[in-house]
Amino acid sequence: MRAACLSVALALCATIVPAGAQAIAQRYDLNIPRQSLDTALKEFAHQTGLQVARFSDTIDGTMMVGPVAGDLSVEQALRELLKAGGLSYRVVNDNTIAVVTDRRDSQSAVRAQPGWQLAQANEPAQALGASAGQSSERDIALEEVIVTAQKRAQRLIDVPLTVATLSNETLERAGIDTLLDMSHAVPGLVVSDAGGGFIRYYVRGVGNVYGSSSTALVGVYLDEADVTGSASSQLDLRANDIERVEVLKGPQGTLYGAGSSGGTIRFITRDPQLDRFTAEGDLDVYFTDGGDSSQSVSAVVNVPVVEDVFGLRMVGNVGDLGGWVDQPDAGGSNVNDQQLREVRVKGLWKPLEDLTVKGLVYLHRNEGDGIASSTDAEYQLVAAADPARRLPFATDFDIYNLTATYEFPSVTVLSSSTYVDNSALVSLSQKYAIAPPPAPLFEALSNNTTDTRVFTQEIRLNGEAGRVDWTAGVFYKDVNYRNRNFLELAMGGEDLGSIPIFTEEQSKSGSLFGDVSYALTERAEIGAGIRYFTDDLTAFDGVEHRDGSFHSVDPRLYFSYGFTPDVRVYVSAAEGFRSGGFNTENGEQTTFDPEKVRSYELGVKAALLERRLSLEAAVFLSDYEDIQMFRLDANNLGSVDNGGDARVKGIDASLDWQMTERLLLQLSGNYTDTEIVALAPGVAAVIEGDPVDYTTEYAGSVAGTYSFSWATGLPGFVRLDYNRLGPSHITDRSVPILYESDVNDLVNARLGLQWNRWTIELYGSNLTSEDRLQDPNGGFGFGARPRPRVLGVRLGGSFE
-3 MRAACLSVAL ALCATIVPAG AQAIAQRYDL NIPRQSLDTA LKEFAHQTGL
47 QVARFSDTID GTMMVGPVAG DLSVEQALRE LLKAGGLSYR VVNDNTIAVV
97 TDRRDSQSAV RAQPGWQLAQ ANEPAQALGA SAGQSSERDI ALEEVIVTAQ
147 KRAQRLIDVP LTVATLSNET LERAGIDTLL DMSHAVPGLV VSDAGGGFIR
197 YYVRGVGNVY GSSSTALVGV YLDEADVTGS ASSQLDLRAN DIERVEVLKG
247 PQGTLYGAGS SGGTIRFITR DPQLDRFTAE GDLDVYFTDG GDSSQSVSAV
297 VNVPVVEDVF GLRMVGNVGD LGGWVDQPDA GGSNVNDQQL REVRVKGLWK
347 PLEDLTVKGL VYLHRNEGDG IASSTDAEYQ LVAAADPARR LPFATDFDIY
397 NLTATYEFPS VTVLSSSTYV DNSALVSLSQ KYAIAPPPAP LFEALSNNTT
447 DTRVFTQEIR LNGEAGRVDW TAGVFYKDVN YRNRNFLELA MGGEDLGSIP
497 IFTEEQSKSG SLFGDVSYAL TERAEIGAGI RYFTDDLTAF DGVEHRDGSF
547 HSVDPRLYFS YGFTPDVRVY VSAAEGFRSG GFNTENGEQT TFDPEKVRSY
597 ELGVKAALLE RRLSLEAAVF LSDYEDIQMF RLDANNLGSV DNGGDARVKG
647 IDASLDWQMT ERLLLQLSGN YTDTEIVALA PGVAAVIEGD PVDYTTEYAG
697 SVAGTYSFSW ATGLPGFVRL DYNRLGPSHI TDRSVPILYE SDVNDLVNAR
747 LGLQWNRWTI ELYGSNLTSE DRLQDPNGGF GFGARPRPRV LGVRLGGSFE
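In our numbering, the protein residues as written are -3 to 796.
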């Protein structure tokens, strides 16, 4: 059922009764300044006492409208507010008005079922609200969330898996720009960021640095583009002009393929608007305690090149981001600066009513003189092996995507072609004990250069027939991965020489996948999916060429039941996988198989208290099988192989509560327990009972946002959030390393004001100057600490 319930249950076919006619004729003394549509409608609702909701997934709530002022009827005021977007409205009853558009968007079309009142909404956001003067707060509701996690538009409450969503409003008000920022707001998502683009993502206890070099553990998508990185590092995507982010927790192998063992992260960018020119700009200046100042400028320009047919949306971001790490032996202070340059252009072409073509180009350039990891608590860096060596970095990536969608009467066909070119240069300083004190630390300076080129092609069909919704497709991926690592070694001031390491892999993989759901009754739905995967892999280590083929079949089953339209429980079983690779065992060239994650989940999703409270909770149990580990063979020679199994179990929960018209409270948390339960002979790094690497035991987030008016026509807000990140682990008993990272407590605050087309925000992050290690790489001496206290100001403007 692809639909979204509004803050009140609306019916598309509702007629205007005489009482409604009286309501729109009522006159009010209004004073609504020029501002975004969503904000203006909230202000309109506040001044009139009416409930207003948007009823379409094509309405842009950020468009600038107004001003509207004077003694006006409801009808006059609404016409003035909605004319810029070519919108209209429907009166549902005395107190409720739906803002609508006649434009067609079949992906979010409602498939009504008897006894269910369904409507649409386009983004996760606070409800447009009702007057604070009303005697009852029944109409203060959270707006419905629509996601495309299952590659079709659905209400979040109808999706039988855990999906954390961050709307554009949440991203902006929480000051989220990077995936590391995002991990603080999404418990269960772990981001290890050593600096310089050396970024790894882990979700729900699936963490591993060994194994297939070209395949990651968490899938990453930008719209329909598969931009998943390698096992060693993912792309440094930024949250500029993003409609929403969806974090799918648990294995997603059936719909998203190899690389989604732990989960999938989806960035949904904003589409061009075809009917008007708009421009937005932000100037951000902030100061880091003990570091350099930072300045960044971003801009968004929307151009309807051919009205209602072709448009472009261009996003630019330039940042001179000051550092805060000192490297005295190299004569440098604040060495981890960044020179960031980004451009993203998205085109939308509608040559026919049923044909939509989207093109996207995303160019990213970032470089600096040092990295943020490997420091002490005073943010001092002494490089391994060569303390006087600077550790510069450079990350460049280009993303190109072309997506075409054609809507037949009963089937939608989509083609998505993507090319990613990613290059990264980074040096990492590692220091760790390989013998008890007073033995000196072992030191390794890793100088990495990685080049990855990826082409993907997906063709997908979506359809519905009566009680059946189905998805089927074919997916092809061609990966060329090359890594050159020059490893410099030292111990106790003695130079131990260097080791060159060369890795080259080419993977050509293909998949067939399908998913079908059937509505057993008005409330019960059952579904199943399957993916067949094959991978032809070749590798070269500078000496030998290797080749082999790997296969995987990954099923999915789920059942959900709705006690009411707003309370649903589900149970699901799903698999994820990572492809295999090559090793040498007992002098023989062999291969290791794909590793698997099989997960079982029981969850509940509900909208309670007249939709003022949304709740999502799930318990899960995962079997992590054939984990790719480093182990010794009978000749005491080491290589990567399928080394053992692990058990992962835990709970996810989140709650959004619109406590009053002005106050929104958001809570989320995660607890994960991991354990190695079986090992193959020769594995020396871990023993049974050890935790899985890179897994955070628990995390929690609490945020409160209070909306108010500084004065008439000057809306504002204040937000305070607190995030606690529990300990995570890394274990290597052969060294030995038994490391547990510190617990981190982060407090952030933001205060905003809007005046006509301008906004100004004052903010602070890490207000308590938390400086403890926040990821388990500290076990190898290159863990990162939170950025020290930041105080900043952001000025934004929008124009039409």
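Ideal placement from N, C-alpha and C gives every residue a C-beta, glycine not left out.
- Contact between the segment 144 to 160 and the segment 726 to 744: three or more CB pairs below 8 Å? no
- Can you give the Cα-Cα distance for L609 and V567, rounded to whole angstroms? Within the sequence shown, the letter at position 613 stands for residue 609. Within the sequence shown, the letter at position 571 stands for residue 567. When rounded, the distance between both Cα atoms is 22 Å.
- Message: Quick test of the definition: if touching needs 3 or more C-beta pairs under 8 Å, does the segment 467 to 477 touch the segment 417 to 427?
- Response: no
- Item | Where K147 falls: helix, strand or coil (DSSP) | Within the sequence shown, residue 147 is the residue found at index 151, counting from 1. Of the three classes helix, strand and coil, the one that applies to K147 here is coil, per DSSP.
- Taking buried to mean at least 16 other C-beta atoms within 10 Å of its own C-beta, is N27 buried or exposed? As a working mapping, residue 27 is identified with position 31 in the sequence shown. Burial call: exposed.
- Task: Can you grab the Cα-Cα spacing for the pair G355 / E374, in whole Å?
- Result: Along the sequence shown, one-based indexing puts residue 355 at 359. Along the sequence shown, one-based indexing puts residue 374 at 378. The straight-line gap from Cα to Cα measures roughly 46 Å.
- Below 7 Å between beta carbons: does that hold for D669 and K645? To locate residue 669, count along the sequence shown from 1; it is residue 673. To locate residue 645, count along the sequence shown from 1; it is residue 649. It is a contact, given that the beta carbons lie within the stated cut-off.
- Query: So, helix, strand or coil for D531, using DSSP?
  - Reply: By one-based count along the sequence shown, residue 531 stands at place 535. Looking at D531 - three-state DSSP - the assignment turns out to be strand.
- Query: Under a three-way DSSP split, which group does P711 fall into?
  - Reply: In the sequence shown, the residue the question calls residue 711 occupies position 715. Strand, per DSSP.
- Under a Cβ-count criterion, where at least 16 other Cβ atoms within 10 Å of its own Cβ denotes burial, should W706 be classed as buried or exposed? Taking the sequence shown and counting its residues from 1, one reaches residue 706 at position 710. Exposed is the call here.
- Expressed to the nearest angstrom, what Euclidean distance is found between the alpha-carbon atoms of A126 and R658? As a first step, residue 126 must be located in the sequence shown, where it is residue number 130. As a first step, residue 658 must be located in the sequence shown, where it is residue number 662. Reliability of the predicted coordinates at A126 is poor, the pLDDT of 36 falling under 50, and no value is obtained from them.
- Cβ neighbours of G700 in the same chain (closer than 6 Å, five flanking residues each side left out): Taking the sequence shown and counting its residues from 1, the one referred to as residue 700 is at position 704. So the list reads L661, L716, once near-sequence residues are dropped.
- Cα-Cα separation between S32 and I264, rounded to whole angstroms: The residue labelled residue 32 in the question sits at position 36 within the sequence shown. The residue labelled residue 264 in the question sits at position 268 within the sequence shown. Between S32 and I264, the C-alpha separation is close to 20 Å.
- Please determine, among Y690, E584, Q376, the residue with the shortest C-alpha to C-alpha distance to D189. In the sequence shown, residue 189 corresponds to position 193, counting from 1. With distances taken between Cα atoms, D189 lies closest to Y690.
- Item | Nearest candidate by alpha-carbon position, reference G523, set P551, W754, L167 | As a working note, residue 523 is residue 527 in the sequence shown. Out of P551, W754, L167, P551 has the C-alpha closest to the C-alpha of G523.
- Backbone secondary structure at G788 - three-state DSSP: Counted from its first residue, the sequence shown places residue 788 at position 792. Strand.
- Exposed unless 16 or more other CB atoms sit within 10 angstroms - verdict on R783: Along the sequence shown, one-based indexing puts residue 783 at 787. When all chains shown are included, R783 counts as buried.
- Determine the DSSP secondary structure at T727, reduced to helix, strand or coil. Along the sequence shown, one-based indexing puts residue 727 at 731. Correct three-state label for T727: strand.
- Task: Go ahead and pull the three-state DSSP assignment for N236.
- Result: Numbered from 1 along the sequence shown, position 240 holds the residue referred to as residue 236. N236: coil per DSSP, three-state reduction.
- C-beta atoms of D637 and N579 nearer than 7 Å: Counting from one through the sequence shown, the residue named residue 637 turns up at place 641. Counting from one through the sequence shown, the residue named residue 579 turns up at place 583. Taking 7 Å as the Cβ cut-off, D637 and N579 qualify as a contacting pair.
- Output the distance between the C-alpha atoms of P723 and A695, rounded to the nearest integer angstrom. Looking up residue 723 in the sequence shown gives position 727. Looking up residue 695 in the sequence shown gives position 699. Cα to Cα, P723 sits roughly 9 Å from A695.
- CA-CA distance, V450 and L485? The residue you call residue 450 lines up with position 454 of the sequence shown. The residue you call residue 485 lines up with position 489 of the sequence shown. The alpha-carbon atoms of V450 and L485 are separated by roughly 33 Å.
- Message: Going by beta-carbon coordinates alone, are L185 and V141 separated by less than 7 Å?
- Response: The residue you call residue 185 lines up with position 189 of the sequence shown. The residue you call residue 141 lines up with position 145 of the sequence shown. Their beta carbons are not under 7 Å apart, which means L185 does not touch V141 by this criterion.
- Message: Is the separation between the beta-carbon of E338 and that of N313 shorter than 7 Å?
- Response: For the purposes of this step, residue 338 is identified with residue 342 of the sequence shown, where counting begins at 1. For the purposes of this step, residue 313 is identified with residue 317 of the sequence shown, where counting begins at 1. Yes, these two residues count as a Cβ contact at 7 Å.
- Message: Considering only their Cβ atoms, is the gap separating D333 from G318 smaller than 7 Å?
- Response: Your numbering for residue 318 matches position 322 in the sequence shown. Your numbering for residue 333 matches position 337 in the sequence shown. Yes, Cβ-Cβ distance for G318 and D333 is below 7 Å.
- Task: Using DSSP bridges, identify the partner residues of S802.
- Result: Only positions -3 to 796 of the chain appear in the structure, and residue 802 is not among them; the question remains open.
- Pair every Cβ in the segment 253 to 272 with every Cβ in the segment 207 to 227, then say whether three or more of these pairs are closer than 8 Å. yes
- Message: Here's the rule: buried if 16 or more other CB atoms are within 10 angstroms of the residue's CB, otherwise exposed. What is T560?
- Response: If you number the sequence shown from 1, residue 560 lands on position 564. Per the 10 Å Cβ criterion, exposed.
- Counting Cβ pairs, one atom from each stretch, are 3 or more of them under 8 Å apart for the segment 765 to 775 and the segment 720 to 735? yes
- Tell me the DSSP bridge mates of N666? To locate residue 666, count along the sequence shown from 1; it is residue 670. DSSP lists D648, A695 as partners of N666.
- Task: Report yes if the C-beta distance between I455 and S411 is below 7 Å; otherwise report no.
- Result: The count along the sequence shown starts at 1 and reaches residue 455 at position 459. The count along the sequence shown starts at 1 and reaches residue 411 at position 415. Yes. Within cutoff.
- Around the C-beta of S765, are 16 or more other C-beta atoms found within 10 angstroms, so that it is buried, or is it exposed? Position 769 of the sequence shown, counted from the first residue, corresponds to residue 765. Answer is exposed; the Cβ neighbour count stays below 16.
- Item | Supposed contact pair E796 and M60 - C-beta distance, whole angstroms, cut 8 Å | Working through the sequence shown from its first residue, we reach residue 60 at position 64. Working through the sequence shown from its first residue, we reach residue 796 at position 800. With a Cβ gap of about 5 Å, M60 and E796 count as contacting.
- Message: Classify H547: buried if its beta carbon has 16 or more other beta carbons within 10 angstroms, exposed otherwise.
- Response: The count along the sequence shown starts at 1 and reaches residue 547 at position 551. Exposed, by the Cβ-count rule.
- What whole-angstrom Cβ distance do L791 and I756 have, given they're in contact under 8 Å? The count along the sequence shown starts at 1 and reaches residue 791 at position 795. The count along the sequence shown starts at 1 and reaches residue 756 at position 760. At roughly 5 Å, the Cβ-Cβ gap stays under 8 Å, so L791 and I756 are in contact.
- What is the C-beta distance between Q323 and G364, in whole angstroms, given that I count them as a contact (C-beta under 8 Å)? Taking the first residue of the sequence shown as position 1, residue 323 is located at position 327. Taking the first residue of the sequence shown as position 1, residue 364 is located at position 368. The pair is not a contact, with the Cβ atoms about 12 Å apart (cut-off 8 Å).
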